[in-house]
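A.B. asks: Protein sequences appear in the order of chains A and B.
Under the working numbering, the first residue of the first sequence carries the number 1, and numbering increases by one thereafter.
Under the working numbering, the first residue of the second sequence carries the number 1001, and numbering increases by one thereafter.
Input: one structure, supplied below.
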Amino acid sequence: MSSTSNNPSEERFTVARTTLILDRLMTGVIKGGGWLVMLAVFAIFAFIFVQILPLFGHPEVKSVGKVAIPLEEVAVMGVDEWGELPFFLSQSGQLHFTDLPRDVETRTYERVGGDQTSLALGPRGLFEVDTKLPEKNWTAFYYDAYKGEIALGSEDGRVALLHLDYKAEFLADAPRTVVPQVKSELLPALSQSNAPVRQLAFYESTTNRAIGTLQETADGETIVTLQTYVVKSSLFGAPKMVADAQIDLGHGITDEKPERLLIGGQGDRILLTTEGGWLYYLRLNKGQLERVQKLQPFADLDDTSIHSINWLLGKQSVILTSKSGANITLASYLDEAAGQILYTKIKDFPALDAGGANDFSPAQRNRGFLISNEHQLSLRYSTTGDVRWETDTDFPLQKIALGPRWDSIFTFDAQQNLHVYAVDDPHPNAGAKAFFGKIWYEGKSEPEYDWQSSSGTSDFEPKLSIVPLFFGSIKGTFYAMLFAMPIAILAAIYVSQYLKPEAKRYIKPAMEIMASLPSVVLGFLAALWLAPLIEDRVPSILLMLIAVPLSAAMLGYFWGRMPQTVRNRIRPGSEWMVILPVVLIVGYLSWQLGPTLESVLFRVYDPDLGVKAGNFRLWWTETTGVSFEQRNSLVVGLMMGFAVIPIIFTISEDALTNVPPYLTSASLALGASRWQTTWRVILPTASPGIFSATIIGFGRAVGETMILLMATGNTPIMEWNIFNGMRTLAANIAVELPEAPQYSTLYRTLFLGAMALFLLTFILNTIAEVTRQHLREKYKTI
Amino acid sequence: MPKSQHSFTSIRPKGEALVWFTGMGLSVGILLIIGLLGIILKNGLSMFWPDTIYEVQLVEGSTAGPRNGQNFAGAIALERHKRLQEATNAGLTSEFQFFAGNKDAYGQMYHYVDADQIVTDATGEPLFTPASGILQLERIEFGDALGFPLEIQLADGTTITEPEALKAALFKTIEESNERLETYTKIEKKQIGRINSKMESIRLEQRALREELGEAAAETSPQIQELNEQQAALQAQYTELAAEARELRERRHQDSLLLRLATGEERRISFENITQAHFPNEMSLPGKVGFFLKQIWRFMSEAPREANTEGGIFPAIFGTFVMTLLMSLAVMPFGVVAAIYLREYATQGVIVRAVRISVNNLAGVPSIVYGVFGLGFFVYVLGGSIDELFFSHKLPTATFGTGGVLWASLTLALMTVPVVIVATEEALSAVPRGMREAALACGASKWQAIQRIVLPASAPGILTGLILAMARGAGEVAPLMLVGVVKLAPSLPLDGEFPFVHLDRKFMHLGFHIYDLAFQSPDSDAAKPMVFATTLLLIVLVIVLNLSAITIRNHLRKKYKGDTF
């Protein structure tokens, strides 16, 4: 049909090159950009996930190498903060240091030649520092690595103190050098006896000092003595430690032969172990010794005897091993019944393989410790009861020391070799058990979920359970939903089914705007306006919650009984205009009648006046035994309820409105009343929509931050009590993250909280969204 | 009555009572909204209204007044019920909170007095008589002063005590004093600043010359001599200006007002401390309205004073504005591109559906999670790397490696990008298919069809999304607390100093200002009016943004309703 002469020129069909190029370019840009945005949005998830991964990682411990240290009879070994200058104290009282050069940047040790297992000694080599103590045969040692204090007991019954401090010196044109500083003091003879000291315990603070000695006389008798010192300040010169009292701990105090002792508290708590595996907790009260507790930690074992006992950081817990190698933590707690501090077993570790520990080294910045016996070296963590790392060495272990930064392990074997291990374990106190499990923390009377990430002191045990935070989030949400759901769903039913369309045009947008009210505004109102307002008016609120719905229902009932002529005055769809003033009046009356109700129902006895008077606050505390706070869950429920009402309302209203109109028409045509239509036809059809509205409202409330931050006391308690507060995941992040050092355990734990929130809301919203999509499909097919 | 008639009227629809019950839900919802907005409106605006100051007489022996006295003057700030310590009767009584000002004299500005401590009139109501001739002074320090003016002493030695003349002189002196303040601020900030920067450049030139010529030769070179002369001239100018500024300062300091407080003591207040004065009990209604409007303007245009409890909130408004603007710049292109991709380019299938649901859900992820990400990624990772690369000379002081307006806006952009994507997608899908097909049939390329037809048609919808995103961003506080908002920023993120936009600066924000005033303020009573006023402003901002979004959306819906291609 086409004639060749009419063929348009080919140029008419050629597209301008620029158009083509632009089109390709924009296609690329949009596709790339689109994917980029999607990726960026999901990268949030990935990034947070990567941040929390190390929390669940296992420690990495690598053998760095060894070096021969030709020293005999090493009694105490310790190491400085940088791991460059370990010291060795021998039984003859000689103090040696080993110079192990270490790169400041890479933290690697210098090695000998190409040998990967031999460490090089630095220019200072193995050198001795004069302790200025007289030459004696020392028989007992006590080493407090945290304070750098060593107490020595001699064969002739004397006690000496050695204070060891490391200092980093920065000299021009030279790398940083670690220099030891040693101070010593030989104490005057402690007891009458000059029998050899077998065991030694030491305590010192700026105000007092206590030294416990266990001596063994030639005729086999054991003498246990506690010598206390106090600081006396004089007009001239520095304050001095002056001997105060000498107390005999052996006779009449213990029933068995004493073996070991430790001093803690303020120098007033003494732990004494005896033959047969008994542990005595003795307390020094104004110079008087009390026997507070006697327990047998290994009572369930065949051999109950205690092989070793050592303080953990903070001196609230002791780590014990039995002869057979059983390993437990014993900690002090406040016993409610006894009304005083007692000791109890809080952790049970896997037993050591070859009997009790031969050396022990506590961590200096957390609740971990290193423990060893002949061939077993084990790094353990007391809070979680976790074995972080363990190895069987092919050399017999003699002395062990844990690097103060929890980054290295030093061991000294029987062949006089020093072995060094590098530890990479940034989050020893983390792990699933720490976050989700019930843990018996020291100082507590039972295992519990607790969150307390920091405190004033450095030897504090952090409590990182996110369970109470999760509970707080759920609790706040629960009370908010309790308040919001009925109002929002009832309003949605009314607006979608009965309200006049003219009114709906204004009411719906108004509700939507309410959904975008900044939560900081609601939080501020909750805390500074609502909380003080209803603090004394709880009975009014209770009355209101009952009276308002009741009055509306009764109004409806009686209105239905009115003659047709009266009923015709109010057109269907305008009922709310009648209810509004009624609700207002009933609400006001309830508010005013609250105090009267209080004085009738919630009476408490006032001991000052000798009469009973109405006081809800006191009544609640007396009746239920739980506390009443000003910023409580009721306030949160009301205000956060207010925040989620618009969300639930809007989505439910949409679902109800979108029910195909012919269903309504058919129902009404069959003679059903408008309520019957709603109840039997609309609600069953739209119920998935209302369900998803509720879920979305729930998700919003769970993640709400500002209202909860401002209107609760932010205490991580686990109680459903409506009259106290809570601490939520979101508020916790807002409070603690700005202060958390980057990549610290707390930082990552807060990321874990964020992850939990993210997952929770994402899953909830997905459920809601899928439900809604199904509903839309359903509406199409009905 | 015939039975049949009765039975006819007795047919009542079933469940009417329950319909009424659902109506209650709506009524309660409406009442809650109105109540909440009403409280904010009333409390927010009452801060600007000149309250009547009453003379309050307490009963003999009462120590509830300022300085434990029985006489004082103050405005009623609050009347509320209070639980009695001894729970004998119903347990509640009335309590008044008075604003008595004069923090320097009384130690605190607000005083709580029980109703039964106040002398009553014949009917048993507490007796309040307006204090005639009382003056309210707004001061830079110590908050407001309330008292009766006795005399004005000017720097030139004149004293004015005659009441009418005093009143006139008072306003005149305040005006003059404020002018002087403006003048010397201008001299110190602008003129002296200019001289300083000139001197600095001369100094740099001198140093360059010295290095070039050598120390000894430079001293005799004509260029250096010339520079020295310039320097001397500038120095002279500086001295002159500094003296002028000092004189003005001095003058302001010397003018003073003697005030007798209602509690009896007299206080002399220097005019340098006074910013405004009014006689609240003698104002006419128009006068009060004028004062009210002026106070609102001052609140919005001035910087805060006295730990944010006095003055205005301009930096917070400005900070919110800049942050929201930057956020819009970031969120707009990305949100729109992603939506165009999802709607126009991607093959519609299970994956796109899943992506769409996920994007939808991201709008429901708690804002604090975005804050956590912003801190961890933007501030620490990105900011830290930028610092190492470009600002290593300033380390360890962080430039971008700490919270700032850039990171805050990016964090909020990420948070609001789902809102924009969803709204844009909705707008794109509302553009009738016929329009696209017509464009393609006319020979337009895909991009041309999108650029010329689809995007213009959906522009209002996209704008709606953006406005909603801005409203959400402007009101959000929790993530900002982690990524760069502060209670008091020393400088604005946008100013006349090169490079004008300071993306690394920390900023103030209306929402955070509310949190900070309400919870971190040293004097919570004094901060309360400020919180309410700030809250009102923030709510008005958010509501205006939302209303405009809704209006645009409604127009859009109407526009496409009739469209059938």
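C-beta atoms are modelled at their ideal positions from N, C-alpha and C, and glycine is treated no differently.
Note that this is a predicted model, so its numbers are computed, not measured.
What residues from the segment 1357-1376 of chain B come within 9 angstroms of chain A, judged by C-beta to C-beta, listed N to C?
C.D. replies: Residues passing the 9 angstroms Cβ filter: Ile1357, Ser1358, Val1359, Asn1360, Asn1361, Leu1362, Ala1363, Gly1364, Val1365, Pro1366, Ser1367, Ile1368, Val1369, Tyr1370, Gly1371, Val1372, Phe1373, Leu1375 and Gly1376.
A.B. asks: Are there three or more Cβ pairs, one per stretch, closer than 8 angstroms when the segment 736-748 of chain A is compared with the segment 640-650 of chain A?
C.D. replies: no
A.B. asks: Using the rule of at least 16 other Cβ atoms within 10 Å of the residue's Cβ for burial, across every protein chain shown, is Arg12(A) buried or exposed?
C.D. replies: exposed
A.B. asks: What do you get for Glu575(A), buried or exposed, if any count of 16 or more other CB atoms within 10 angstroms of its CB means buried?
C.D. replies: buried
A.B. asks: Taking the alpha carbon of Met241(A) as the reference point, which residue from Thr206(A), Val582(A) and Lys66(A) has its own alpha carbon closest?
C.D. replies: Thr206(A)
A.B. asks: Starting from the beta carbon of Met718(A), find every residue of chain B whose beta carbon is closer than 9 angstroms, and list them in chain order.
C.D. replies: Under the 9 angstroms cutoff, chain B gives no residues; its nearest Cβ is about 21 angstroms from Met718(A).
A.B. asks: When you compare the segment 1433-1446 of chain B with the segment 689-700 of chain A, are there three or more beta-carbon pairs, one atom per stretch, that lie closer than 8 angstroms?
C.D. replies: no
A.B. asks: Report the three-state DSSP secondary structure of Trp311(A) (helix, strand or coil).
C.D. replies: Reduced to three states, the DSSP call for Trp311(A) is strand.
A.B. asks: Along the segment 1472-1483 of chain B, where does the CB come closer than 9 angstroms to a CB of chain A? Name the residues.
C.D. replies: Arg1472, Ala1474, Gly1475, Glu1476, Val1477, Ala1478, Pro1479, Met1481 and Leu1482
A.B. asks: Let me know if Ala145(A) comes out buried or exposed under the rule of 16 or more other beta-carbons within 10 Å of its beta-carbon.
C.D. replies: buried
A.B. asks: If I'm right that Ile1334(B) touches Val586(A) with Cβ under 8 angstroms, what's the distance once you round it to whole angstroms?
C.D. replies: According to the sequence provided, residue 1334(B) is Phe. The question's Ile does not apply to it. Not a contact, Cβ separation roughly 51 angstroms.
A.B. asks: Could you tell me whether the Cβ of Phe1334(B) comes closer than 9 angstroms to any Cβ of chain A?
C.D. replies: Yes, contact with chain A.
A.B. asks: Determine the direct distance from the alpha carbon of Val1431(B) to that of Phe1565(B), and round the result to whole angstroms.
C.D. replies: Because the pLDDT at Phe1565(B) is just 41, under 50, the model does not fix this residue reliably, and the value given afterwards should be weighed accordingly. Distance between the alpha carbons of Phe1565(B) and Val1431(B) is about 11 angstroms.
A.B. asks: Which same chain residues end up closer than 8 angstroms to Ser551(A) when comparing Cβ atoms and leaving out the 5 residues on each side of it in sequence?
C.D. replies: Val582, Val583 and Val586
A.B. asks: Got a sec: which bits of the segment 566-581 of chain A sit with their beta carbon under 7 angstroms from any beta carbon on chain B, in order along the chain?
C.D. replies: Glu575, Trp576, Ile579 and Leu580
A.B. asks: Exposed or buried, which one is Lys1172(B) when buried takes at least 16 other CB atoms within 10 Å?
C.D. replies: exposed
A.B. asks: For Pro1304(B), which beta-bridge partners are listed by DSSP?
C.D. replies: Paired residue(s): Gly1311(B).
A.B. asks: Please state whether DSSP places Thr795(A) in a helix, a strand or coil.
C.D. replies: The requested residue 795(A) is not part of the displayed model; chain A covers only 1 to 782.
A.B. asks: Given Glu1265(B), which residues of its chain have a CB within under 7 angstroms of its CB, disregarding the five upstream and five downstream residues?
C.D. replies: Taking Glu1265(B) as the centre and dropping the five residues before and after it, the same chain places the C-beta of Ala1105 closer than 7 angstroms to its C-beta, in chain order.
A.B. asks: Taking only the alpha-carbon atoms, compute the straight-line gap between Val423(A) and Gln398(A) and give it to the nearest angstrom.
C.D. replies: Rounded to the nearest whole angstrom, the C-alpha separation of Val423(A) and Gln398(A) is 20 angstroms.
A.B. asks: With DSSP as the reference, label His1278(B) as helix, strand or coil.
C.D. replies: strand
A.B. asks: Have a look at the DSSP bridge pairing and note the partners of Asp359(A).
C.D. replies: DSSP output for Asp359(A) lists Ser372(A) as bridge partner(s).
A.B. asks: Quick check: is the beta carbon of Ala480(A) nearer than 9 angstroms to any beta carbon in chain B?
C.D. replies: no
A.B. asks: Assign Arg783(A) to one of two classes, buried (16 or more other C-beta atoms within 10 Å of its C-beta) or exposed (fewer than that).
C.D. replies: No answer is possible for residue 783(A): the residues shown for chain A start at 1 and end at 782.
A.B. asks: I need the straight-line Cα distance from Arg674(A) to Lys780(A), nearest angstrom please.
C.D. replies: 23 angstroms
A.B. asks: With three or more beta-carbon pairs closer than 8 angstroms as the criterion, would you say the segment 1406-1417 of chain B touches the segment 1325-1332 of chain B?
C.D. replies: Taking 8 angstroms as the limit for Cβ pairs, the verdict is that the segment 1325-1332 of chain B does touch the segment 1406-1417 of chain B.
A.B. asks: Would you report the Cα separation of Lys1528(B) and Met1047(B), rounded to the nearest angstrom?
C.D. replies: 9 angstroms
A.B. asks: Under the DSSP definition of a beta bridge, which residues are partnered with Lys500(A)?
C.D. replies: The partner list for Lys500(A) (beta bridge, DSSP) is empty, contrary to what the question assumes.
A.B. asks: Met726(A) and Gly476(A) look like a contact to me (Cβ under 8 angstroms); what is the Cβ gap, rounded to whole Å?
C.D. replies: 6 angstroms
A.B. asks: If we cut at 9 angstroms on Cβ distances, does Tyr498(A) have a partner in chain B?
C.D. replies: yes
A.B. asks: Can you have a look at Phe1500(B) and say buried or exposed, based on whether 16 or more other CB atoms are within 10 angstroms of its CB?
C.D. replies: exposed
A.B. asks: Check whether the Cβ of Leu1455(B) lies closer than 9 angstroms to any Cβ atom in chain A.
C.D. replies: Judged by the 9 angstroms Cβ criterion, Leu1455(B) is not in contact with chain A.
A.B. asks: For a cutoff of 9 angstroms on Cβ pairs, would you count Trp1020(B) as touching chain A?
C.D. replies: yes
A.B. asks: Write down the C-beta distance between Leu279(A) and Phe369(A) rounded to the nearest angstrom, noting that I regard them as a contact closer than 8 angstroms.
C.D. replies: Not a contact, Cβ separation roughly 18 angstroms.
A.B. asks: Contact between the segment 1028-1036 of chain B and the segment 567-574 of chain A: three or more CB pairs below 8 angstroms?
C.D. replies: No contact exists between the segment 1028-1036 of chain B and the segment 567-574 of chain A.
A.B. asks: At the 9 angstroms Cβ level, is Ile1550(B) part of the contact set with chain A, yes or no?
C.D. replies: yes
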